[in-house]
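>
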Amino acid sequence: ISYGRLERVFRENGYENIYVATVEGRVTLENIVPVLKDKKIERVILRPFMLVAGYHVINDMASEEEGSWKSILEREGFNVEAILKGLGELEGIQNIYLEHLEKIID
Numbered sequence: 002i003s004y005g006r007l008e009r010v011f012r013e014n015g016y017e018n019i020y021v022a023t024v025e026g027r028v029t030l031e032n033i034v035p036v037l038k039d040k041k042i043e044r045v046i047l048r049p050f051m052l053v054a055g056y057h058v059i060n061d062m063a064s065e066e067e068g069s070w071k072s073i074l075e076r077e078g079f080n081v082e083a084i085l086k087g088l089g090e091l092e093g094i095q096n097i098y099l100e101h102l103e104k105i106i107d
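According to our numbering, the sequence shown is numbered sequentially starting from 2.
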């Protein structure tokens, strides 16, 4: 599934306020900022769509460095919260992994 398709699936399931962007790829933060402004969104929660929130998440997404997504969004006037937890920390995702492991072991 592509990130664009993932965002469409969110919309189809009633999640109108979730936007998917990548650091390198087809849809970047620069594509998303105008959409957020058009919709008069003031608060942005950054959440990595990665199993583990490591170096990439901390530096590229949530650091105080000039080029991080958090810094860029704050300069654009948004109130930004960064959640530095990977998907692997979510119980539902952990359960999916456990189910797959159980199938392999059995």
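For each residue, glycine too, the CB sits at the ideal point set by N, CA and C.
#1: Using the DSSP secondary-structure output, state which residues sit across from E8 in a beta bridge.
#2: Going by the DSSP bridge assignment, what does R44 pair with across the sheet?
#3: If we count the other Cβ atoms within 10 Å of its Cβ and call it buried at 16 or more, is P35 buried or exposed?
#4: Considering only the alpha carbon of each residue, which of L85, N96 and L102 lies closest to M51?
#5: Could you give the first and the last residue of the continuous alpha helix (DSSP H) run that contains L102?
#6: Look up S72 in the DSSP assignment and say whether it is helix, strand or coil.
Considering the structure as presented:
#1: Sequence index remark: in the sequence shown, residue 8 carries index 7 (1-based). Answer is none; E8 lacks a bridge partner.
#2: Here residue 44 refers to the residue found at position 43 when the sequence shown is read from its first residue. DSSP, once it has assigned bridges, lists N80 as partnering R44.
#3: Residue 35 sits at position 34 when you count from the first residue of the sequence shown. It is exposed - the Cβ of P35 has fewer than 16 other Cβ atoms within 10 Å.
#4: As a first step, residue 51 must be located in the sequence shown, where it is residue number 50. Out of L85, N96 and L102, L85 has the C-alpha closest to the C-alpha of M51.
#5: Your numbering for residue 102 matches position 101 in the sequence shown. First-last of the alpha helix (DSSP H) with L102: E92 to I106.
#6: Residue 72 sits at position 71 when you count from the first residue of the sequence shown. Residue state, collapsed to three classes: helix.
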